Amino acid sequence: MTQQAEPAVTTPPAPGPSKETDGRTQQRPLALRLLARPEVGVFLGAVAVLVFFLITAPPVRDGSSMANILYQSSTIGIMALPVALLMIGGEFDLSAGVAVITSALTASMLSYQLTMNVWVGVIAALVVSLAIGMFNGWLLVKTGLPSFLVTLGTFLILQGVNLAVTKLVTGNVATDNISDMDGFDQAKALFASSFEIGGVNVKITVVWWLVFAALATWVLLRTKYGNWIFAVGGNKGSARAVGVPVTFTKISLFMLVGFGAWFVGMHNLFSFNTVQSGEGVGQELIYIAAAVIGGCLLTGGAGSAIGPVFGAFMFGMVQQGIVYAGWNPDWFKAFLGVMLLGAVIINLWVQRTATRR
Amino acid sequence: MDRYYPRSRRMASVVAVAAAATLILAGCSSSSGGKEAEESAEGASAGKANTPRMTVALVTHQSPGDTFWDIVRKGAEAAAAKDNIKLDYSSDPNAGNQATLVQSAIDKKVDGIAVTLAKPDALKDVISKAKAANIPVVGLNSGVSEWQKLGLMEFFGQDETVAGEALGKRLNEAGAKKAVCVVQEQGNIGLTQRCDGVKKTFEGSIENLNVNGTDMPSVKSTITAKLKTDSDIDYVVALGAPFALTAVQSVGEAGSKAKVATFDLNKELTGAIDKGDIEFAVDQQPYLQGYLAIDSLWLYKNNGNYMGGGEAPVLTGPAFVDKTNVETIDKFAAKGTR
Numbered sequence: 001m002t003q004q005a006e007p008a009v010t011t012p013p014a015p016g017p018s019k020e021t022d023g024r025t026q027q028r029p030l031a032l033r034l035l036a037r038p039e040v041g042v043f044l045g046a047v048a049v050l051v052f053f054l055i056t057a058p059p060v061r062d063g064s065s066m067a068n069i070l071y072q073s074s075t076i077g078i079m080a081l082p083v084a085l086l087m088i089g090g091e092f093d094l095s096a097g098v099a100v101i102t103s104a105l106t107a108s109m110l111s112y113q114l115t116m117n118v119w120v121g122v123i124a125a126l127v128v129s130l131a132i133g134m135f136n137g138w139l140l141v142k143t144g145l146p147s148f149l150v151t152l153g154t155f156l157i158l159q160g161v162n163l164a165v166t167k168l169v170t171g172n173v174a175t176d177n178i179s180d181m182d183g184f185d186q187a188k189a190l191f192a193s194s195f196e197i198g199g200v201n202v203k204i205t206v207v208w209w210l211v212f213a214a215l216a217t218w219v220l221l222r223t224k225y226g227n228w229i230f231a232v233g234g235n236k237g238s239a240r241a242v243g244v245p246v247t248f249t250k251i252s253l254f255m256l257v258g259f260g261a262w263f264v265g266m267h268n269l270f271s272f273n274t275v276q277s278g279e280g281v282g283q284e285l286i287y288i289a290a291a292v293i294g295g296c297l298l299t300g301g302a303g304s305a306i307g308p309v310f311g312a313f314m315f316g317m318v319q320q321g322i323v324y325a326g327w328n329p330d331w332f333k334a335f336l337g338v339m340l341l342g343a344v345i346i347n348l349w350v351q352r353t354a355t356r357r
Numbered sequence: 001m002d003r004y005y006p007r008s009r010r011m012a013s014v015v016a017v018a019a020a021a022t023l024i025l026a027g028c029s030s031s032s033g034g035k036e037a038e039e040s041a042e043g044a045s046a047g048k049a050n051t052p053r054m055t056v057a058l059v060t061h062q063s064p065g066d067t068f069w070d071i072v073r074k075g076a077e078a079a080a081a082k083d084n085i086k087l088d089y090s091s092d093p094n095a096g097n098q099a100t101l102v103q104s105a106i107d108k109k110v111d112g113i114a115v116t117l118a119k120p121d122a123l124k125d126v127i128s129k130a131k132a133a134n135i136p137v138v139g140l141n142s143g144v145s146e147w148q149k150l151g152l153m154e155f156f157g158q159d160e161t162v163a164g165e166a167l168g169k170r171l172n173e174a175g176a177k178k179a180v181c182v183v184q185e186q187g188n189i190g191l192t193q194r195c196d197g198v199k200k201t202f203e204g205s206i207e208n209l210n211v212n213g214t215d216m217p218s219v220k221s222t223i224t225a226k227l228k229t230d231s232d233i234d235y236v237v238a239l240g241a242p243f244a245l246t247a248v249q250s251v252g253e254a255g256s257k258a259k260v261a262t263f264d265l266n267k268e269l270t271g272a273i274d275k276g277d278i279e280f281a282v283d284q285q286p287y288l289q290g291y292l293a294i295d296s297l298w299l300y301k302n303n304g305n306y307m308g309g310g311e312a313p314v315l316t317g318p319a320f321v322d323k324t325n326v327e328t329i330d331k332f333a334a335k336g337t338r
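Heads up: the protein sequence lines correspond to chains V and S, in order.
According to full-length UniProt numbering, the residues represented by the first sequence are 1 to 357, in order.
According to full-length UniProt numbering, the residues represented by the second sequence are 1 to 338, in order.
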């Protein structure tokens, strides 16, 4: 993987098909150059999984089944995007799964206990989520500790706080139902509604997922901030030397994960009306997995925003495809692991073949 | 006077901001629902015993944030308050860690221990240590077939298999043909026993479906997916209240005709039974398990009593909650004690 180790400031990996007069890559055919892009491998992997289940599980061919798979993928995918950006920036966040629940709990309890319009809770939850991200980023930059330790700490803190505060405030370990409160219907329309396309019921989160993915791709490839992300993930020292605001970039990336946690948290709250405080544990690994499958390097400096979209889709496809195919549920997790490993290996093989010679 | 001017102006702006904030917040208050609509919820209380203060440890295999265990704990706390008992609650889903928690209760020389036996073998040694230290031990919730072998005095709970069997019979009465049993935690023995129990008595066909219990959107998608693959499914059996409520959404989304039944209650669930979204729930009365376990230790210490005569377990379930009796239970569920 040495090709990613060069200083990324001036040459973010594969920024677009335009500049190719480097002298080393120009002779390579278009197909191979395309295959070398981080998202192409996962795209092929996702297609392979899709075709596999289209053949083995007839119900998947139905449009509404695909909508269901896309819904599951979107709730993973919306979080996988900021997690991927953070990972390109050289860090990762173990607290992302429980942070989703923290956000949902904050919004629910605040509006319920103070009998406020739910939007008050929604805004407060956004502030809390961004603050958690800021805390993670600030502590990381300030102490220089690895993100594994910092976010493992936040993960445990949030897990405990979720439980203890919910119990303290509501007297139970789940929040109260807020579905009859003012503003609920508007918030539900934004975060958890659905609409019909050709007789198929599509969830709004799928739309948001694609919008966020487009936005993230644009930021990553076309803005100065996008270059900063590649730079701090590639080599922090040289990035700083050429004037990249490393501290700002890292903290803002963690806050971006906070934003994602808020969004998914609001979806959970407004589609299920109540939240159990023990949820969310383990989800962080699924977000990270979707980003890694999507071609983001665990060591930072390389990746894309569109890759994790396919990564999340692959996850949703495998998880529901197993059910559609009607396989023995005892093997569920083993199937999931095998399919994912298989997809990642295809991904890796495609990239190796493409970048060889 | 002049130099006070800036300060008073600052004061004025602070007041203005506070006033504005108050106004904004007041404007945002919800006219329906919320805390103001909630009735004052007080737990059951029955006076207080004048017996000497004693300490009892309750050690469970609860995983954090589960509504079910919260109700067990509330029952235990109510009994402790009534009996002048100091209750030490601790829990760990890992059996080895749970054994360590029992050991620390022994080290603290408590007057009694109530323990769940999700993995009886792991607790065997530590329970015999408690007996050697002359500390009475009772069991609750899980371990109905093991408690006597381990030498516990009494047991309070439901036989998960028996509860499953009862639910299976109920499905037969409802004329169900094909059911799916939704397991929110793959490999959990109690949950497996419930599904197995249903399988034993249910005359139709039933299969298990594993879902990721820590991620509700995924639970919803998976149940929807299952219902889509098989339109013959006419009953979804959930093993916990929050998952039953999610299953109702899945049924709607899949356009399925399936009905939903569940194990265990919470305050949302009684409302759903009342509305007819959920057909019935098997209630093992977790509050009663916590309450009786603690109360029994008080009775033993102060009067030498054994509930169940030291021979038979005291069964707290399966009790059915459906449209016919949900009204009486609803108000207790709202308090979080049913």
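Ideal Cβ placement from N, Cα and C applies to all residues, glycine included.
These figures come from a predicted structure and were not determined experimentally.
Practice task
State yes or no: is the beta carbon of S/L209 nearer than 7 Å to at least one beta carbon in chain V?
Solution key: Position 209 of the second sequence, counted from the start, is the residue given in the question as residue 209 of chain S. S/L209 counts as touching chain V.
Handout entry: Contact with chain B by S/E268, beta-carbon distance below 7 Å
Key = Absent from the structure is chain B; the protein chains it does hold are V and S.
Problem - Enclosing beta strand (DSSP E) for S/N188 [first to last residue] - result: Along the second sequence, read from residue 1 onward, the residue named residue 188 of chain S stands at position 188. According to the DSSP assignment, S/N188 belongs to no beta strand (DSSP E), since it is labelled neither H nor E.
Exercise for the section: Report the partner residues of S/I113 according to the DSSP bridge assignment. Expected result: Here the question's residue 113 of chain S lines up with position 113 in the second sequence. S/I113 pairs with S/A57 and S/V137.
Problem - Cα-Cα separation between S/K108 and S/A114, rounded to whole angstroms - result: Numbered from 1 along the second sequence, position 108 holds the residue referred to as residue 108 of chain S. Numbered from 1 along the second sequence, position 114 holds the residue referred to as residue 114 of chain S. Approximately 14 Å, taken between the alpha carbons.
Practice task
Tell me, please, which residues DSSP counts as bridged to V/M116.
Solution key: For the purposes of this step, residue 116 of chain V is taken as residue 116 along the first sequence, with counting starting at 1. DSSP lists S/S29 as the bridge partner or partners of V/M116.
Handout entry: Cβ-Cβ distance between S/T224 and S/A254 below 7 Å
Key = What you label residue 224 of chain S is simply residue 224 of the second sequence in a count that begins at 1. What you label residue 254 of chain S is simply residue 254 of the second sequence in a count that begins at 1. In this structure, S/A254 lies closer than 7 Å to S/T224 by Cβ.
Handout entry: Span of the beta strand (DSSP E) around V/K203
Key = As a first step, residue 203 of chain V must be located in the first sequence, where it is residue number 203. Per DSSP, V/K203 belongs to the beta strand (DSSP E) from V200 to K203.
Handout entry: Among S/V110, S/D111 and S/P120, the one whose alpha carbon lies nearest that of S/Q98
Key = As a first step, residue 98 of chain S must be located in the second sequence, where it is residue number 98. Nearest of S/V110, S/D111 and S/P120 to S/Q98, Cα basis: S/P120.
Handout entry: Between the CA atoms of V/V242 and V/E6 - distance to the nearest angstrom
Key = Looking up residue 6 of chain V in the first sequence gives position 6. Looking up residue 242 of chain V in the first sequence gives position 242. In this prediction, V/E6 has a pLDDT of 42, which is less than 50 and means its spatial position is unreliable; what the coordinates show is noted afterwards. Taking the straight line from one Cα to the other gives about 14 Å.
Exercise for the section: Tell whether a beta-carbon distance below 7 Å holds between V/I132 and V/A104. Expected result: Locating residue 132 of chain V in the first sequence gives position 132, where the first residue counts as 1. Locating residue 104 of chain V in the first sequence gives position 104, where the first residue counts as 1. Contact: no.
Handout entry: For V/A305, the three-state DSSP class (helix, strand or coil)
Key = Along the first sequence, one-based indexing puts residue 305 of chain V at 305. In the structure shown, the three-state DSSP call for V/A305 is coil.
Problem - Nearest neighbour of V/F191, chosen from V/W208, V/N177, V/A231 and V/I197 [CA to CA] - result: Counting from one through the first sequence, the residue named residue 191 of chain V turns up at place 191. Checked all of V/W208, V/N177, V/A231 and V/I197; the closest Cα to V/F191 is V/W208.
Handout entry: Interface flag, S/A225 vs chain V, CB-CB below 7 Å
Key = On the second sequence, position 225 is the one that residue 225 of chain S refers to. Yes, contact with chain V.
Exercise for the section: Rounded to whole angstroms, what's the CA-CA distance from V/L256 to V/A187? Just pull it up for me. Expected result: Position 256 of the first sequence, counting from 1, holds the residue named residue 256 of chain V. Position 187 of the first sequence, counting from 1, holds the residue named residue 187 of chain V. A straight line joining the alpha-carbon of V/L256 with that of V/A187 spans about 21 Å.
Handout entry: Residue span of the beta strand (DSSP E) that contains S/D230, given as start and end
Key = In the second sequence, the residue the question calls residue 230 of chain S occupies position 230. Per DSSP, S/D230 lies in no beta strand (DSSP E) and is assigned neither H nor E.
Exercise for the section: Compare the beta carbon distance of V/G258 and V/S95 with 7 Å and say whether it is the shorter of the two. Expected result: For the purposes of this step, residue 258 of chain V is identified with residue 258 of the first sequence, where counting begins at 1. For the purposes of this step, residue 95 of chain V is identified with residue 95 of the first sequence, where counting begins at 1. In this structure, V/S95 does not lie closer than 7 Å to V/G258 by Cβ.
Practice task
Determine the extent of the beta strand (DSSP E) in which V/S194 is found, giving its start and end residues.
Solution key: Translated into the one-based positions of the first sequence, residue 194 of chain V becomes position 194. Unbroken beta strand (DSSP E) run through V/S194: S194 to I197.
Problem - Three-state secondary structure (DSSP) of S/Q184 - result: For this step, residue 184 of chain S is matched to residue 184 along the second sequence. Of the three classes helix, strand and coil, the one that applies to S/Q184 here is coil, per DSSP.
Exercise for the section: Give the C-beta separation of V/F310 and V/I322 to the nearest angstrom, bearing in mind that I take them to be a contact with Cβ-Cβ under 8 Å. Expected result: Counting from 1 along the first sequence, the entry for residue 310 of chain V is found at position 310. Counting from 1 along the first sequence, the entry for residue 322 of chain V is found at position 322. No, V/F310 and V/I322 are not in contact; Cβ-Cβ is about 18 Å, not under 8 Å.
Exercise for the section: Flag this pair as yes or no: are the beta carbons of V/N68 and S/S221 separated by less than 7 Å? Expected result: The sequence position of residue 68 of chain V within the first sequence is 68, counting from 1. The sequence position of residue 221 of chain S within the second sequence is 221, counting from 1. Yes, the pair counts as a contact, with Cβ atoms nearer than the cut-off.
Practice task
Ignore the nearest five residues each way along the sequence and tell me which others in V/V40's own chain have a CB closer than 7 Å to its CB.
Solution key: Counting from one through the first sequence, the residue named residue 40 of chain V turns up at place 40. Excluding residues within five positions, the ones whose Cβ falls inside 7 Å are L34 and V350.
Exercise for the section: Determine the direct distance from the alpha carbon of V/C296 to that of S/A272, and round the result to whole angstroms. Expected result: Along the second sequence, read from residue 1 onward, the residue named residue 272 of chain S stands at position 272. Along the first sequence, read from residue 1 onward, the residue named residue 296 of chain V stands at position 296. Computed Cα separation, rounded: 44 Å.
Handout entry: Beta-carbon gap between V/V118 and V/S277 smaller than 7 Å
Key = In the first sequence, residue 118 of chain V corresponds to position 118, counting from 1. In the first sequence, residue 277 of chain V corresponds to position 277, counting from 1. Their beta carbons are not under 7 Å apart, which means V/V118 does not touch V/S277 by this criterion.
Practice task
List the DSSP bridge partners of V/L297.
Solution key: Within the first sequence, residue 297 of chain V is the residue found at index 297, counting from 1. In DSSP, V/L297 forms no bridge with anything.
Handout entry: Short Cβ contact (7 Å threshold) for V/T75 with S/P217
Key = Sequence index remark: in the first sequence, residue 75 of chain V carries index 75 (1-based). Sequence index remark: in the second sequence, residue 217 of chain S carries index 217 (1-based). A contact, by the Cβ cut-off of 7 Å.
Practice task
Could you tell me which chain V residues have their CB closer than 9 Å to the CB of S/M153, listed as they occur along the chain?
Solution key: Numbered from its first residue, the second sequence carries residue 153 of chain S at position 153. Within chain V, no residue comes near S/M153; the closest Cβ sits about 30 Å away, beyond 9 Å.
Problem - Alpha carbon of S/R162 to alpha carbon of S/K169, nearest angstrom - result: Residue 162 of chain S sits at position 162 when you count from the first residue of the second sequence. Residue 169 of chain S sits at position 169 when you count from the first residue of the second sequence. Residue 162 of chain S is actually Val in this sequence, not Arg. Approximately 11 Å, taken between the alpha carbons.
Practice task
Starting from V/M66, find everything on chain S with Cβ-Cβ shorter than 8 Å and list it in chain order.
Solution key: As a working mapping, residue 66 of chain V is identified with position 66 in the first sequence. Within chain S, no residue comes near V/M66; the closest Cβ sits about 11 Å away, beyond 8 Å.
Practice task
Provide the residue(s) that pair with V/V264 in DSSP beta bridges, ordered along the chain.
Solution key: Residue numbering aside, residue 264 of chain V sits at position 264 when the first sequence is read from its first letter. Per DSSP, none; premise fails for V/V264.
Handout entry: Partners in chain V for S/S63, counting only beta-carbon separations shorter than 8 Å
Key = Counted from its first residue, the second sequence places residue 63 of chain S at position 63. Ordered by position in chain V, the residues that pass the 8 Å Cβ test against S/S63 are G278.
Handout entry: Outcome for V/A334 when other beta-carbon atoms lying within 10 angstroms are tallied against a minimum of 16
Key = Indexing the first sequence from 1 puts residue 334 of chain V at position 334. Label assigned to V/A334: exposed.
Practice task
Would you identify the three-state DSSP class for residue 339 of chain S, choosing helix, strand or coil?
Solution key: No information on residue 339 of chain S is available, as it lies outside the stretch 1 to 338 that chain S covers here.
Exercise for the section: Look up V/N347 in the DSSP assignment and say whether it is helix, strand or coil. Expected result: Numbered from its first residue, the first sequence carries residue 347 of chain V at position 347. V/N347: helix per DSSP, three-state reduction.
Exercise for the section: Would you kindly report the start and end of the unbroken alpha helix (DSSP H) that includes S/S71? Expected result: In the second sequence, residue 71 of chain S corresponds to position 71, counting from 1. Note that residue 71 of chain S is Ile in the sequence shown, not Ser. Start and end: T67 to K82.
Handout entry: Beta-bridge pairing of S/Y235 - partner residues as DSSP gives them
Key = Taking the second sequence and counting its residues from 1, one reaches residue 235 of chain S at position 235. Looking at the DSSP assignment, S/Y235 forms a beta bridge with S/A179 and S/K259.
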